[in-house]
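Structure first, commentary second.
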Amino acid sequence: MHMKMKFQNPNSEHVLEHSVVHFMLSFKRLCIITMACPVIAIIICLLTAVIFQAEDVHETHCRVYNIIPSISAITGVSPQRYLWRISVALHIGPRFIIAAVYKAYHENSINPAAESKLQAAARKWLKITFWLDIIEIGSLCGVTYISNRENYPIHEKLFITFMVSSLMHMLTSIKASKQVAQTRDELDAIQRILAFKQGLFILSVISTVGLIGFFLEHRYLCHDMAFSWFAFCEYVIASANMAYHITVIYDFPTEHLIVARCTKNIKKSSIDWKLN
């Protein structure tokens, strides 16, 4: 597939005129597919585990009455663990790409004419957001492949790391978006999506507090249904987390992931591609 392409970059002296495109995928579609993998897997794992392996997924050290199994329980039994691990494997690779593109995209959106302090603050928050995202992805990988049945102490620490990094990533992402918008005087234009993100963050914080409280109640008091409420909070947090990450599609409504061979050498730089 031959395609003429140009990019806008005032700092570059070179313009790419021709290239051979081997593969092109809507970035919005990539984000949706990436988030759909764990959603579909969790639903299948939950339904099949509750129907066919209820005793295994409801078993706890207290042996009290519960009706909702935890995510770790439904993804820790066989064969559900294989489906979950495959879905996370398909999910994690694109997540690294999305994290890198998100950072680069918003760095390129910073207004070079804005005050240097505003620009520096925006880049700082974007960098913090990026690394928290990387930690979140890495801890998700660890908590997936080291189950609570195989090594509970490590699984527990990885789960805590995931929870903390996830909440911090939400918070810094909101802050970074505001900082970038301020350099362009466009803060009002993103208020709607920011309000949605802030709502998901608040929901996650409230659910995290509930999760900790019900976990302690289950661990030390062994009350009936305490673990079910813990699991319910866990599902709410997972849903809010995935809903938050899918909002990235609003940042890339028309962008594409492209694999192409350039017919001319270009200067290596940060560029914004535009298809003609």
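Just so we're aligned, residue 1 is where the sequence shown starts under UniProt numbering, counting upward by one.
Beta carbons: idealized from backbone N, C-alpha and C, even for Gly.
Residue-chain proximity (residue i, chain C), Cβ-Cβ < 7 Å
{"i": "Phe252", "result": "No chain C is present in this structure, which holds just one protein chain."}
N- and C-terminal bounds of the beta strand (DSSP E) containing residue i
{"i": "Asp256", "result": "Contrary to the premise, residue 256 reads as His rather than Asp in this sequence. Counting along the chain, the beta strand (DSSP E) containing His256 begins and ends at His256 to Cys262."}
Straight-line gap, residue i to residue j (C-alpha atoms, nearest Å)
{"i": "Pro253", "j": "Tyr145", "result": "33 Å"}
{"i": "Pro153", "j": "Ile246", "result": "31 Å"}
{"i": "Ser228", "j": "Asn66", "result": "5 Å"}
{"i": "Asp185", "j": "Glu107", "result": "15 Å"}
{"i": "Leu158", "j": "Cys262", "result": "42 Å"}
{"i": "Pro112", "j": "Arg123", "result": "12 Å"}
{"i": "Val57", "j": "Ile110", "result": "49 Å"}
{"i": "Ala195", "j": "Ile212", "result": "26 Å"}
{"i": "Glu156", "j": "Glu115", "result": "44 Å"}
{"i": "Val15", "j": "Ala100", "result": "The predicted position of Val15 is uncertain, since its pLDDT is 41 and thus under 50; a value taken from the coordinates is nonetheless stated next. For Val15 and Ala100, the distance between alpha carbons rounds to 24 Å."}
{"i": "Arg149", "j": "Ser70", "result": "13 Å"}
{"i": "Leu187", "j": "Tyr105", "result": "17 Å"}
{"i": "residue 336", "j": "Glu255", "result": "This structure leaves residue 336 out entirely; the chain is present only between 1 and 276."}
{"i": "Phe23", "j": "Arg95", "result": "19 Å"}
{"i": "Asn151", "j": "Thr60", "result": "15 Å"}
{"i": "His218", "j": "Gln179", "result": "42 Å"}
{"i": "Lys175", "j": "Phe130", "result": "12 Å"}
{"i": "Leu257", "j": "Ile128", "result": "24 Å"}
{"i": "residue 287", "j": "Ile134", "result": "With the chain covering only 1 through 276, there is no way to say anything about residue 287."}
Terminal residues of the alpha helix (DSSP H) in which residue i lies
{"i": "Thr129", "result": "Ser116 to Tyr145"}
{"i": "Met225", "result": "Neither: Met225 is in no alpha helix (DSSP H) and is coded neither H nor E."}
{"i": "Glu107", "result": "Gln80 to Ser109"}
{"i": "Val205", "result": "Gln191 to Leu216"}
{"i": "His169", "result": "Tyr152 to Thr183"}
{"i": "His58", "result": "Ala54 to His58"}
{"i": "Ile74", "result": "Ile71 to Ile74"}
Beta-carbon proximity of residue i to residue j, cut-off 7 Å
{"i": "Met35", "j": "Met163", "result": "no"}
{"i": "Lys28", "j": "Ile249", "result": "yes"}
{"i": "Cys233", "j": "Cys62", "result": "no"}
{"i": "Glu136", "j": "Ser165", "result": "yes"}
{"i": "Ala260", "j": "Ser26", "result": "no"}
{"i": "Ala231", "j": "Ile42", "result": "no"}
{"i": "Cys37", "j": "Leu90", "result": "yes"}
{"i": "Leu203", "j": "Tyr244", "result": "no"}
{"i": "Gly76", "j": "Ser147", "result": "yes"}
{"i": "Met168", "j": "Leu132", "result": "yes"}
{"i": "Ile74", "j": "Gln80", "result": "yes"}
{"i": "residue 320", "j": "Val64", "result": "Any property of residue 320 remains undetermined from this structure, which presents the chain solely from 1 to 276."}
Beta-carbon separation (whole angstroms), residue i vs residue j, contact threshold 8 Å
{"i": "Ala181", "j": "Ile193", "result": "Going by Cβ atoms, the distance from Ala181 to Ile193 rounds to 10 Å, so no, they are not a contact pair."}
{"i": "Cys141", "j": "Ile97", "result": "Not a contact, Cβ separation roughly 15 Å."}
{"i": "Ile33", "j": "Leu83", "result": "Contact flag wrong, Cβ pair sits at about 16 Å."}
Practice item. Determine contact between the segment 44–51 and the segment 207–219, defined as no fewer than three beta-carbon pairs at a distance below 8 Å. Key: no
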